[in-house]
Amino acid sequence: MKTLRLLAIVPTALAMSLVLTEANLAQTPTIKINRNFQPDPMVLNGNSGGTVKSNCGNITTEPNQVIQVTEALPYLRLTVEGQGKPTLLIDGPGGRFCVMADSYSGGKPELSGYWQPGKYLLFVGELSQGQNSYTLSISQQTNK
101 MKTLRLLAIV PTALAMSLVL TEANLAQTPT IKINRNFQPD PMVLNGNSGG
151 TVKSNCGNIT TEPNQVIQVT EALPYLRLTV EGQGKPTLLI DGPGGRFCVM
201 ADSYSGGKPE LSGYWQPGKY LLFVGELSQG QNSYTLSISQ QTNK
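Each number in the working numbering comes from the position in the sequence shown (counting from 1) with 100 added on.
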């Protein structure tokens, strides 16, 4: 009898988990990016870090930003600046990528190149403890 009760509870819990996950994603507004987006660069602000430990630092359970690339873009650059040690975790159509600061990018996490159409979940992580403010710059300009 306990097994039957458990079998009734597990699907209900799974369904509730999926509903809550969708609700969390709905709270993060989606920014549409196309060839003519303005202003360029687009600058977004937030807080890095979170309670979830990942291979890309401490992140939040829901994305800091969601962007929808509406058409193939030959070049797009994302750059994160902030106090602490920010990271950028990108989950999109091409896979999941962790971007760390390096000397080439001037100590800032940066990813540039071709972007295919689709939805990208952006998590601004933190290698140091706590949360710090960050600035995310999105640009199609090849010069900085």
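Even glycine gets a Cβ: it sits at the ideal position worked out from N, Cα and C.
Because the structure is a prediction, the values reported are computed rather than measured.
> If you draw a straight line from the C-alpha of L125 to the C-alpha of L211, how long is it?
Replying inline: Its pLDDT being 48, under 50, L125 is placed unreliably by the model, and nothing is read from it.
> Shortest alpha-carbon distance to I159 belongs to which of R177, T151 and S239?
Replying inline: T151
>> Any heavy atom of the ligand GDP closer than 7 Å to the beta-carbon of F197?
In response: The ligand GDP is not part of this structure, which contains no ligands at all.
> From Y175 to P209, what does the alpha carbon distance come to, in whole angstroms?
Replying inline: 17 Å
> Buried or exposed: Q168, going by 16 or more other Cβ atoms within 10 Å of its Cβ?
Replying inline: exposed
> If you run the structure through DSSP and keep just helix, strand and coil, what is Q216?
Replying inline: coil
> Could you give the residue range of the beta strand (DSSP E) that holds M200?
Replying inline: Segment: none, M200 is in no beta strand (DSSP E) and carries neither H nor E.
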